Ligand code: ZN
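Numbering (our numbering), first residue to last: 7 to 353.
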């Protein structure tokens, strides 16, 4: 039984470490955000992110141990995010975790960042029954997934273009709001009228895929027209109307997916700013506690990350089909990945 797992997460612009007991109880969780560093560029700059991870990661791990009043020798296992994410950023976390594993002899598990987001729900709801329908809307990812059991996922639909989070960042930018866009839009929308502008509900009628580029473009054209007409931009109304349209789309897709699959339980793994909070917001942004939960289960399954393992910036959530396939590479010590391209922008 793996009891104490320390996890490291550096896939995007958050340097994080956490210690979780028994895959459930967070003993400490430290997140050093780089948001301020990237804010002036309106998005994450990969080179700056890697460098900052490198400067910060050891201190974050030390702080995590200190907050839990533990030493490395007290731990039972290690976990680290191997993808998806930014190549250079992932490399820093993996090199760090491998070094700790090599130095201590502790087993190390590689974790899929997307699975970690889904498993964050288990930190607060220990009686979650499966299978469940999952909406994963975090950073560069927007997808609906059936979680058959821990470690077995079937992707029902993804976004065809922008992820919801990317649309939030771009709309925030055009409204002159701060990066990251989700929290800024949410704040701006508080006093706004969600019915002020009738923005399109993207693809409400079709399938289980998402598309947010039409909604984003509609907001951009509206802002352009309002600017040409002169006068102050109704930022609060625009933010509220955009948020309402985005959330409507997500909710409509969840309802459709629940109906089509007969799911009775829904897990929302949703980044801040989309107005749907299921695990508490602190667990929905990037953190290492969720990585520790996924790592706990991987270690229990006997999975070990080799010291020669490389990050996979385009790692996807494996479908249950690939996981049970006898053709799956037997040597794979990391969660199986497919060749399907995925966005590498994960926040
Ligand atoms: Zn994330």
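Backbone N, C-alpha and C fix where the C-beta goes; we use that ideal spot for every residue, glycine too. The structure presented is a predicted model; accordingly, all values stated were derived computationally and were not measured.
{"Asked": "Cβ pair residue 21, residue 38 closer than 7 Å", "Found": "yes"}
{"Asked": "Limits of the beta strand (DSSP E) - the one that residue 141 falls within", "Found": "138-144"}
{"Asked": "Exposure label - residue 17; buried when at least 16 CB within 10 Å", "Found": "buried"}
{"Asked": "Enclosing beta strand (DSSP E) for residue 84 [first to last residue]", "Found": "83-89"}
{"Asked": "Backbone secondary structure at residue 215 - three-state DSSP", "Found": "coil"}
{"Asked": "Backbone secondary structure at residue 272 - three-state DSSP", "Found": "strand"}
{"Asked": "Own chain partners of residue 36 with C-beta closer than 6 Å, once the 5 adjacent residues on each side are dropped", "Found": "23, 66, 69 and 70"}
{"Asked": "Residues near residue 95 by beta carbon distance below 8 Å, same chain, minus five either side", "Found": "16, 17, 18, 19, 52, 55, 56 and 59"}
{"Asked": "Proximity test, residue 145 beta-carbon vs the ligand ZN heavy atom, cut-off 6 Å", "Found": "yes"}
{"Asked": "Test item: CB-CB of residue 117 and residue 312 under 7 Å", "Found": "no"}
{"Asked": "Contact set for residue 183: own chain, Cβ-Cβ below 7 Å, skip 5 residues either direction", "Found": "190, 191 and 194"}
{"Asked": "Given 8 Å, three or more beta-carbon pairs between the stretch 121-130 and the stretch 98-110", "Found": "no"}
{"Asked": "Unbroken beta strand (DSSP E) run spanning residue 118, endpoints", "Found": "114-118"}
{"Asked": "Cβ-Cβ distance between residue 251 and residue 207 below 7 Å", "Found": "yes"}
{"Asked": "Cβ-Cβ distance between residue 196 and residue 29 below 7 Å", "Found": "no"}
{"Asked": "Residues near residue 11 in its chain [Cβ-Cβ closer than 6 Å; skip 5 each side]", "Found": "26, 83, 85, 298, 301 and 302"}
{"Asked": "Any chain B beta carbon closer than 7 Å to residue 187", "Found": "The structure shown contains no chain B; it is built from a single protein chain."}
{"Asked": "Distance between beta carbons of residue 152 and residue 141, contact taken as under 8 Å", "Found": "Contact flag wrong, Cβ pair sits at about 11 Å."}
{"Asked": "As assigned by DSSP and simplified to three states, the class of residue 231", "Found": "helix"}
{"Asked": "Limits of the unbroken alpha helix (DSSP H) element including residue 252", "Found": "241-267"}
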